Amino acid sequence: MQENLTNREKEVLKYIVENFIKYALPVGSRAISKQTDLNLSSATIRNVMSDLEDLDFLETPHTSAGRKPTDKGYRFYVNSLMNKENLNKAEINFIKSQIEDSKNSVVDNEDLFLETSRILGKISHQLAVVTQPFLSSGIFAKLELVNISSTKILVILNIQSGYVRTVMMEVESEVSRDKLDRLADFLNERLQGLTLKEIRETFEERVNDYKYEEPELIQMFINSIDKLYCDEEKGRKIFVGGTGDIITQPEFDDPKNFKSIIDLTEDKNLVVHIFQNSGKSGDEVTISIGSENQEKKLKDYSVVCTSYSFGEIKGSIGIIGPKRMNYKKMVSLIEYTSKLISGK
4 MQENLTNREK
14 EVLKYIVENF
24 IKYALPVGSR
34 AISKQTDLNL
44 SSATIRNVMS
54 DLEDLDFLET
64 PHTSAGRKPT
74 DKGYRFYVNS
84 LMNKENLNKA
94 EINFIKSQIE
104 DSKNSVVDNE
114 DLFLETSRIL
124 GKISHQLAVV
134 TQPFLSSGIF
144 AKLELVNISS
154 TKILVILNIQ
164 SGYVRTVMME
174 VESEVSRDKL
184 DRLADFLNER
194 LQGLTLKEIR
204 ETFEERVNDY
214 KYEEPELIQM
224 FINSIDKLYC
234 DEEKGRKIFV
244 GGTGDIITQP
254 EFDDPKNFKS
264 IIDLTEDKNL
274 VVHIFQNSGK
284 SGDEVTISIG
294 SENQEKKLKD
304 YSVVCTSYSF
314 GEIKGSIGII
324 GPKRMNYKKM
334 VSLIEYTSKL
344 ISGK
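Residues in the sequence shown are numbered consecutively from 4, following the numbering used here.
Here's what the structure looks like:
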């Protein structure tokens, strides 16, 4: 249950949170009395700050007389005090042009996700994450088979929502164009309208009669079924951007914190776990602050995330960064980018 604060307490808390976000320095009573319209003395403001500290909204760092927000203080700010900050025109135009260019130029949507994570990292100066969508519920539209070399075949898998996935497969000897076309026609006929989960679970029995015509090719597809049709229990791909941007934050002047963020980027399973439930909140942006995160590695970080969609399939997009992040800007950034990817 969220506690009620007086208007005076709310204004002081809001100023401290936003000032700490901006400058990464504890905030003293003199600064508040000079910079706000409260018309209160430093002594009165100190009393308000002391009350907020007693309520666990603020804390006093050991090396400072000023205060900074606790996780509880950030949460009250996000829920009750924060005004959304719109992206400026330059940011909107940059994001829109980069994502639309990627959408128009890529063969595989994974390139779009990689570019999106890079853009988000650049603008937010945080760690940006895009997860591959849950493809199991995606409905098969068609596949194309392309000879890349004498030992490589490119499989282009199209899902009805417009999502495109490419997989490179190795073959022992060159396969003629005619054989590839016949196999593609056969697979398209047999798999049309099925979900990728249904295909993965029943593929062998659906293509069994084609074994007599092209046993080696069909066996290659059977052996690669999880790779082709996405067994998400064996791991979903994630795309991370902003590693070079987030380390410019003052929190990472401490080598221990620097190592922790690098370790986080390398733990792909952890990152997937962090974002796996975001799609369940629909299109809403969710914010988890410090100790609210289930993962201990995230006790000093906040996560801002939402879902994006390709028709019937959904993935996640979000930001991981120090608790001292500009939440009102991050929410607008994630919302806008998600809508662009989703074509809304």
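In this text, a Cβ means the ideal position worked out from N, Cα and C, and glycines have one as well.
Nothing here was measured: the structure is a model prediction, and the numbers come from that model.
For residue 121 and residue 244, believed in contact at Cβ under 8 Å, the rounded distance = Residue numbering aside, residue 244 sits at position 241 when the sequence shown is read from its first letter. Residue numbering aside, residue 121 sits at position 118 when the sequence shown is read from its first letter. Confirmed, about 4 Å.
Would you kindly work out how many angstroms separate the C-alpha atoms of residue 73 and residue 265, rounded to a whole number?
-> The residue you call residue 73 lines up with position 70 of the sequence shown. The residue you call residue 265 lines up with position 262 of the sequence shown. If I take the Cα positions, the gap works out to 24 Å.
Bridge partners - residue 93, DSSP secondary structure assignment = Position 90 of the sequence shown, counted from the start, is the residue given in the question as residue 93. Residue 93 is not bridged to any residue.
In the DSSP assignment, what are the bridge partners of residue 293?
-> Here the question's residue 293 lines up with position 290 in the sequence shown. Partner(s): none; residue 293 has no beta bridge.
Is the distance from the Cβ of residue 341 to the Cβ of residue 304 below 8 Å?
-> As a working note, residue 341 is residue 338 in the sequence shown. As a working note, residue 304 is residue 301 in the sequence shown. The answer is no: Cβ separation not under 8 Å.
Option nearest residue 22 by Cα separation, candidates 346, 71, 194 and 292 = The count along the sequence shown starts at 1 and reaches residue 22 at position 19. With distances taken between Cα atoms, residue 22 lies closest to 71.
Does DSSP classify residue 155 as helix, strand or coil?
-> Counting from 1 along the sequence shown, the entry for residue 155 is found at position 152. Strand at residue 155.
Residue 137: first and last residue of the uninterrupted beta strand (DSSP E) it sits in = Position 134 of the sequence shown, counted from the first residue, corresponds to residue 137. Note, residue 137: premise wrong, no beta strand (DSSP E); not H, not E.
So the alpha helix (DSSP H) residue 321 belongs to, where does it begin and stop?
-> The residue you call residue 321 lines up with position 318 of the sequence shown. From DSSP, residue 321 is part of no alpha helix (DSSP H) but of the beta strand (DSSP E) over 316-325.
Beta-carbon proximity of residue 60 to residue 16, cut-off 8 Å | Within the sequence shown, residue 60 is the residue found at index 57, counting from 1. Within the sequence shown, residue 16 is the residue found at index 13, counting from 1. Yes, they are a contact pair.
Residue 124 bridges to which residues according to DSSP?
-> If you number the sequence shown from 1, residue 124 lands on position 121. Paired residue(s): none; residue 124 is not in a bridge.
When burial is assigned at 16 or more other CB atoms within 10 Å of the CB, is residue 29 buried or exposed?
-> The residue given as residue 29 occupies position 26 in the sequence shown. By the C-beta density criterion, residue 29 is buried, having at least 16 other C-beta atoms within 10 angstroms.
Residue 131 burial status per 10 Å Cβ neighbour count (16 or more: buried) | Taking the first residue of the sequence shown as position 1, residue 131 is located at position 128. It counts as buried.
Which two residues bound the contiguous beta strand (DSSP E) that contains residue 311?
-> Walking along the sequence shown from the start, residue 311 turns up at place 308. Its beta strand (DSSP E) spans residues 304-313.
Just how far apart, CA to CA, sit residue 287 and residue 49?
-> Position 284 of the sequence shown holds residue 287. Position 46 of the sequence shown holds residue 49. Approximately 37 Å between the Cα atoms of the pair.
Should residue 119 be labelled buried (16 or more other beta-carbon atoms within 10 Å of its own) or exposed?
-> Numbered from its first residue, the sequence shown carries residue 119 at position 116. Residue 119 counts as buried, since no fewer than 16 other beta carbons sit within 10 angstroms of its beta carbon.
Quick one: residues in its chain with C-beta nearer than 7 Å to the C-beta of residue 148, no 5 flanking neighbours on either side, listed in chain order?
-> Locating residue 148 in the sequence shown gives position 145, counting from the first residue. Taken in chain order, the residues that qualify are 156, 158, 183, 186 and 187.
Leaving aside the five residues before and after residue 309 along the sequence, list all residues of the same chain whose C-beta is less than 8 Å from its C-beta, in chain order.
-> Sequence index remark: in the sequence shown, residue 309 carries index 306 (1-based). Only 281, 284, 286, 287, 288, 289, 319, 320, 321, 337, 338 and 341 meet the Cβ criterion.
Could you tell me whether the Cβ atoms of residue 138 and residue 316 are closer together than 8 Å?
-> On the sequence shown, position 135 is the one that residue 138 refers to. On the sequence shown, position 313 is the one that residue 316 refers to. A contact, by the Cβ cut-off of 8 Å.
Residue 268 to residue 13, Cα distance in whole Å?
-> Start at 1 with the first residue of the sequence shown, and residue 268 comes out as number 265. Start at 1 with the first residue of the sequence shown, and residue 13 comes out as number 10. Between residue 268 and residue 13, the C-alpha separation is close to 36 Å.
When you compare only the Cα positions, how much space is there between residue 87 and residue 96?
-> Mapped onto the sequence shown, residue 87 falls at position 84. Mapped onto the sequence shown, residue 96 falls at position 93. C-alpha separation (whole angstroms): 19 Å.
Residue 248 versus residue 106: straight-line alpha-carbon distance, rounded = Position 245 of the sequence shown, counting from 1, holds the residue named residue 248. Position 103 of the sequence shown, counting from 1, holds the residue named residue 106. Near 24 Å, if we compare the C-alpha coordinates of residue 106 and residue 248.
Roughly how many whole angstroms lie between the Cα atoms of residue 222 and residue 207?
-> Here residue 222 refers to the residue found at position 219 when the sequence shown is read from its first residue. Here residue 207 refers to the residue found at position 204 when the sequence shown is read from its first residue. C-alpha separation (whole angstroms): 9 Å.
Is residue 205 buried or exposed, if buried means 16 or more other CB atoms sit within 10 Å of its CB?
-> As a position in the sequence shown, residue 205 is number 202, starting the count at 1. With fewer than 16 neighbouring CB atoms inside 10 Å of its own CB, residue 205 falls in the exposed class.
Please report the residue range of the beta strand (DSSP E) in which residue 241 lies.
-> If you number the sequence shown from 1, residue 241 lands on position 238. Note, residue 241: beta strand (DSSP E), 241-244.
Distance, Cα to Cα, residue 162 vs residue 78?
-> Mapped onto the sequence shown, residue 162 falls at position 159. Mapped onto the sequence shown, residue 78 falls at position 75. Cα-Cα distance, rounded: 40 Å.
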